[in-house]
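For reference, the structure is listed below as structure tokens.
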């Protein structure tokens, strides 16, 4: 096995304990990620210690802000890409029921290969776009948590993600850098979509100078059926004051 001292130190700071099986699952995930990355663009980060900090430990930061054990939790990872943060969360917290969703099918094929190789259960990799999947009754307002590390601005990301969260659940985007302006810009959209901004958690990833912010947005009422809008509107025409009453 590789030297896992950096990983173990990060896990300790997050108050997470993994057994040998879980540590080996993370290693196999890393090996499969790097191998597939040779033929398919999954990540620009491939050095082992960088992946540990910037992908694995970063993904597990959710455990700092939400309780992930002790009850059945359904979690959607929207725009999962190479599986972050959903796959590391599943490995570390096997009791989670996780759906990984991405618009690029070849990523989903890769993620299914990882799921099979790691022997994970109660985790599904789904090829789909948020605008279309959110209209399906099996996904709309069915999740306790929706998380995303996607780089879209919060206003757009909220429209993609909040419709999947059930009342009483949470949308938790992973953000970096200065986010005060972005959050202020998104408050109208969050309210229009049935959410309420609750708390901001900012911290530095262990053994690094990488700053990370997780925003906790609670779902307080149903999302109007017209959201998310199709035709790329969440990105091209983000929800801002005065636009909330527009029709499809």
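In the working numbering, the protein residues as written are 2 to 249. Glycine included, every Cβ here is placed at the ideal spot set by N, Cα and C.
For the alpha helix (DSSP H) that contains residue i, what are its first and last residues?
{"i": "residue 210", "result": "Premise fails: residue 210 is in no alpha helix (DSSP H) and is neither H nor E."}
{"i": "residue 14", "result": "6-14"}
{"i": "residue 87", "result": "87-93"}
{"i": "residue 235", "result": "234-237"}
{"i": "residue 191", "result": "181-193"}
At which residues does the beta strand (DSSP E) containing residue i begin and terminate?
{"i": "residue 98", "result": "98-103"}
{"i": "residue 31", "result": "Premise fails: residue 31 lies in the alpha helix (DSSP H), 21-38, not in any beta strand (DSSP E)."}
{"i": "residue 156", "result": "Unbroken run through residue 156 is the alpha helix (DSSP H), 155-162; no beta strand (DSSP E)."}
{"i": "residue 75", "result": "75-79"}
{"i": "residue 115", "result": "Here residue 115 belongs to no beta strand (DSSP E); instead the alpha helix (DSSP H) covers 106-119."}
{"i": "residue 144", "result": "144-149"}
{"i": "residue 126", "result": "124-128"}
{"i": "residue 173", "result": "166-176"}
Any idea if residue i is buried or exposed, counting beta-carbon neighbours within 10 angstroms, 16 or more meaning buried?
{"i": "residue 235", "result": "buried"}
{"i": "residue 149", "result": "buried"}
{"i": "residue 223", "result": "exposed"}
{"i": "residue 26", "result": "buried"}
{"i": "residue 136", "result": "exposed"}
{"i": "residue 40", "result": "exposed"}
{"i": "residue 181", "result": "exposed"}
{"i": "residue 241", "result": "exposed"}
{"i": "residue 203", "result": "exposed"}
{"i": "residue 193", "result": "buried"}
{"i": "residue 71", "result": "exposed"}
{"i": "residue 13", "result": "exposed"}
{"i": "residue 229", "result": "buried"}
{"i": "residue 80", "result": "buried"}
{"i": "residue 249", "result": "With a pLDDT of only 40 at residue 249, under 50, the local geometry of the prediction cannot be trusted, and no value is derived from it."}
{"i": "residue 91", "result": "buried"}
Rounded to a whole number of angstroms, what is the C-alpha to C-alpha distance between residue i and residue j?
{"i": "residue 8", "j": "residue 24", "result": "9 angstroms"}
{"i": "residue 77", "j": "residue 6", "result": "30 angstroms"}
{"i": "residue 146", "j": "residue 163", "result": "9 angstroms"}
{"i": "residue 10", "j": "residue 208", "result": "8 angstroms"}
{"i": "residue 85", "j": "residue 243", "result": "34 angstroms"}
{"i": "residue 165", "j": "residue 144", "result": "6 angstroms"}
{"i": "residue 200", "j": "residue 154", "result": "18 angstroms"}
{"i": "residue 156", "j": "residue 52", "result": "28 angstroms"}
{"i": "residue 219", "j": "residue 183", "result": "17 angstroms"}
{"i": "residue 176", "j": "residue 231", "result": "24 angstroms"}
{"i": "residue 195", "j": "residue 123", "result": "28 angstroms"}
{"i": "residue 96", "j": "residue 179", "result": "34 angstroms"}
{"i": "residue 189", "j": "residue 120", "result": "42 angstroms"}
{"i": "residue 233", "j": "residue 82", "result": "19 angstroms"}
{"i": "residue 93", "j": "residue 117", "result": "16 angstroms"}
{"i": "residue 68", "j": "residue 54", "result": "21 angstroms"}
{"i": "residue 100", "j": "residue 172", "result": "14 angstroms"}
{"i": "residue 226", "j": "residue 98", "result": "25 angstroms"}
In its own chain, which residues sit with a C-beta less than 7 angstroms from the C-beta of residue i, not counting the 5 before and 5 after it?
{"i": "residue 113", "result": "126"}
{"i": "residue 37", "result": "43, 111"}
{"i": "residue 158", "result": "149, 151, 174"}
{"i": "residue 115", "result": "30, 33, 84, 88"}
{"i": "residue 35", "result": "47"}
Skipping 5 residues on each side, what residues in its chain have a beta carbon closer than 8 angstroms to that of residue i?
{"i": "residue 130", "result": "104"}
{"i": "residue 3", "result": "28, 49"}
{"i": "residue 15", "result": "58, 61, 62, 64, 65, 207"}
Can you find the residues in the same chain that come closer than 6 angstroms, C-beta to C-beta, to residue i, ignoring five residues on each side of it along the sequence?
{"i": "residue 134", "result": "140"}
{"i": "residue 221", "result": "197"}
{"i": "residue 128", "result": "106, 109"}
{"i": "residue 239", "result": "156, 157"}
Using 8 angstroms as the limit for Cβ to Cβ distance, is residue i near chain B?
{"i": "residue 70", "result": "Chain labels in this structure do not include chain B; a single protein chain is all it has."}
- Decide yes or no for the touch test of the region 19-29 against the region 212-229: beta carbon pairs closer than 8 angstroms, at least 3 of them. no
- Would you call the region 68-77 and the region 31-47 in contact, with 3 or more CB pairs under 8 angstroms? no
- How about the region 58-65 and the region 29-39: do they share at least three Cβ pairs that are nearer than 8 angstroms? no
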